[in-house]
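In terms of UniProt numbering, the sequence shown opens at residue 1 and continues consecutively.
Here a beta-carbon is modelled for each residue, glycine too, at the ideal position from N, C-alpha and C.
Keep in mind the model is a prediction, meaning the values are calculated, not measured.
Read through the structure below, which is laid out as structure tokens, and then see the notes.
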Amino acid sequence: VHLIRLSPSGTELVCEGLFYHPNEIWDLKSCPFDSRIFSTVFTSGETYGAAIWGIPELYGQSNAPQLEEVVSLNEHMSKVKWYFLNAFQAFSDVLDKKN
Numbered sequence: 001v002h003l004i005r006l007s008p009s010g011t012e013l014v015c016e017g018l019f020y021h022p023n024e025i026w027d028l029k030s031c032p033f034d035s036r037i038f039s040t041v042f043t044s045g046e047t048y049g050a051a052i053w054g055i056p057e058l059y060g061q062s063n064a065p066q067l068e069e070v071v072s073l074n075e076h077m078s079k080v081k082w083y084f085l086n087a088f089q090a091f092s093d094v095l096d097k098k099n
């Protein structure tokens with residue numbers, strides 16, 4: 001997983017970190033409420049899953065430490081949708097199996 005940002009001039013993409021993900025990613029969504037959190041839907045051969053990940057502090061390194069798994073959704077096969085439960089908490093919800 002590459003962590004990129006748009007340069008201040010808006011003309012370049014800058015890679016801020018490279019993180020290892022243990023499986024083949026089928027869907028990736030950034031959290032709209034916290035730039036250090038994202039979700040993946042993935043497969044590892046015959047099984048599927050989804051997880052919410054935290055990006056650790058980089059401290060100027062481009063090869064970053066391990067991603068922090070916040071929540072695991074075993075055998076989950078559809079996309080993850082982010083929404084606010086209230087003004088202070090962000091939660092994820094699962095779209096129906098068709099998406």
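Below 8 Å on the Cβ atoms is my contact criterion, and I expect N74 with S44 to pass it. Report the Cβ-Cβ distance as a whole number of Å. Here the question's residue 74 lines up with position 74 in the sequence shown. Here the question's residue 44 lines up with position 44 in the sequence shown. That pair is no contact at about 11 Å.
Taking the beta strand (DSSP E) that C15 belongs to, which residues open and close that run? Stepping through the sequence shown from its first residue, residue 15 is reached at position 15. L13 to L18 is the extent of the beta strand (DSSP E) around C15.
Compare the beta carbon distance of F42 and C31 with 8 Å and say whether it is the shorter of the two. On the sequence shown, position 42 is the one that residue 42 refers to. On the sequence shown, position 31 is the one that residue 31 refers to. Not closer than 8 Å, so no.
Going straight from the alpha carbon of R36 to that of E69, what length do you get? Within the sequence shown, residue 36 is the residue found at index 36, counting from 1. Within the sequence shown, residue 69 is the residue found at index 69, counting from 1. So the alpha carbons of these two residues sit roughly 12 Å apart.
Whose C-beta lies closer than 6 Å to the C-beta of D27 among residues of the same chain, with five residues either side of it excluded? Counted from its first residue, the sequence shown places residue 27 at position 27. Contacts found: V41 and K79.
Going by other Cβ atoms of all chains shown within 10 Å of its Cβ, with 16 needed for buried, is L67 buried or exposed? Translated into the one-based positions of the sequence shown, residue 67 becomes position 67. By the neighbour-count rule (16 or more Cβ atoms within 10 Å), L67 is buried.
Residue closest to C15, alpha-carbon to alpha-carbon, out of P56, I4 and I52: In the sequence shown, the residue the question calls residue 15 occupies position 15. Of P56, I4 and I52, the residue nearest in Cα terms is I4.
From the DSSP output, read off the bridge partner residues of S72. Locating residue 72 in the sequence shown gives position 72, where the first residue counts as 1. Paired residues: A51.
Straight-line gap, F33 to H21 (C-alpha atoms, nearest Å): Taking the sequence shown and counting its residues from 1, one reaches residue 33 at position 33. Taking the sequence shown and counting its residues from 1, one reaches residue 21 at position 21. Looking at the two C-alpha atoms, the distance is approximately 22 Å.
Looking at the secondary structure, which residues open and close the beta strand (DSSP E) in which D27 lies? Within the sequence shown, the letter at position 27 stands for residue 27. Per DSSP, D27 belongs to the beta strand (DSSP E) from E24 to S30.
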